[in-house]
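Notes follow the structure.
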Amino acid sequence: MNKTTKTIIRIALLVGTIVSLFFVPWLLVKAWIIPLPDTVQEQLDEAIEHGFDGVIVYVDEAGKPPAFFAAGWHDREKKIPANPHALFKIASISKLYDAVAVSKLVSDERLSLDKSIADYLPELEGEIENADKITLRLMIQHRSGIPNFTDAPDFWAAPTQSYEESLALILDKPANFKPGEDYEYCNTNYLLINKIMDNELGYDNFKFIQKEILDPLNLTHTFGSLQDVNMDDVMSGYHVGHPFDLKEDKHGMSATAEDVGIFLRALNDGSLFEPGEQEVYSSIYEYEHAGWVPGYQSFAKYNKDLDAVTVEFYSTTDPKLYNWNLSEIINRRIVKILKGQ
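Just so we're aligned: 177 in the numbering used here is position 175 of the sequence shown, and the numbers increase by one with no gaps anywhere.
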């Protein structure tokens, strides 16, 4: 490589670096590099300065009483301060509860991980590609190849309100890949899983979740629908560029951070399961999760080093997901603070 070529390469790398830095949201850089505060509460206060309307954090660290933190607003318009015990839309964290329910039904031999969509929902054969090859196991693991109905154009501007409406968005669409040959996070998988559970049980599967998961753990602040809650108890949610509070939008389960934390602890230590059930669960799904719907970001994680469960709720989202990246930076900083205490 001659001197001229080396010079050209150096210039190209420099230009590339400058261009990439130009497009980096500096708020993310700032949140990452500023000195770590001494307490979780100070970190939450910084999060509000970064642009979040409200934040809730729950920490269950072994050997210590559970800790509750909040900053910002529960309701921005009414100037009600954030409440660490507020209800929050947990979005895809609910998939953990679904996977546990499936594991219990599989352990009881009421469902089989190796049966297909065609076996469970024969009416969909011919309308979902590879319906005869996509098993319950592949759907739980997001390896089905089915298109994701929430990826439909402008979905979140006018979300579907029923199983039939959601399913219609992907019927007769080509598969994204052959079953089992790739991974792609897909809400359609769990739309179908919930339908399969409903059919097997003969009633809404959330009643099964209530009986088999929530009641044994005494989780009285976890709900399957906003219809079952006092809306004043629900934290407001905001989406950048959208002028209104999104609290009234109906998107799945809601819960307090404490309820999610208690569930996650029981999931990770195995106390949630009857004999044989955890083996099934461990073979099909993960032990932590995050969730997103407009106005609501949620994270539930177990840190093995600390033997600690952390649950973080953020009540502000944005179209480019900068706030999602910002949330993950803050979550990591919270763990660092806990390790330093």
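Every residue, glycine too, gets a C-beta built ideally from N, C-alpha and C. Since this is a predicted model, take the numbers as computed values, not measurements.
When you compare the CB positions of residue i and residue j, do they come within less than 7 Å of one another, or not?
i           : j           : result
residue 313 : residue 99  : no
residue 46  : residue 71  : yes
residue 331 : residue 34  : yes
residue 172 : residue 152 : no
residue 256 : residue 301 : no
residue 74  : residue 84  : yes
residue 181 : residue 132 : yes
residue 144 : residue 188 : yes
residue 109 : residue 250 : no
residue 97  : residue 192 : yes
Taking the alpha-carbon positions, what's the residue i to residue j distance?
i           : j           : result
residue 267 : residue 64  : 10 Å
residue 336 : residue 174 : 45 Å
residue 203 : residue 197 : 10 Å
residue 93  : residue 291 : 10 Å
residue 209 : residue 309 : 31 Å
residue 217 : residue 263 : 15 Å
residue 207 : residue 101 : 12 Å
residue 269 : residue 254 : 20 Å
residue 23  : residue 176 : With a pLDDT of 37 at residue 23, under the threshold of 50, the modelled position of this residue cannot be trusted; read the value that follows with caution. Straight-line Cα distance between these residues: approximately 38 Å.
residue 103 : residue 215 : 8 Å
residue 123 : residue 42  : 48 Å
May I ask you to report which of helix, strand or coil DSSP gives residue i?
i           : result
residue 185 : coil
residue 285 : coil
residue 327 : helix
residue 300 : strand
residue 47  : helix
residue 28  : helix
residue 111 : coil
residue 342 : helix
residue 23  : Because the pLDDT of residue 23 is 37, which lies under 50, any placement of that residue in the model is unreliable, and the number read from its coordinates should be weighed accordingly. Helix, per DSSP.
residue 89  : strand
residue 190 : helix
Handout entry: Runs of beta strand (DSSP E) wholly within the region 205-240 (minimum 3 residues, chain order)
Key = Within the region 205-240, no complete beta strand (DSSP E) run reaches 3 residues.
Practice task
Taking 8 Å as the threshold, find out whether the region 221-240 comes into contact with the region 133-140 through three or more Cβ pairs.
Solution key: Result no; under three Cβ-Cβ pairs closer than 8 Å.
Problem - Contact the region 317-330 vs the region 288-303: 3+ CB pairs below 8 Å - result: Touching, yes.
Handout entry: Inside the region 141-177 only - alpha helix (DSSP H) runs reaching at least 4 residues
Key = Positions of the alpha helix (DSSP H) runs, each at least 4 residues long and wholly inside the region 141-177, are given as 165-170 in order along the chain.
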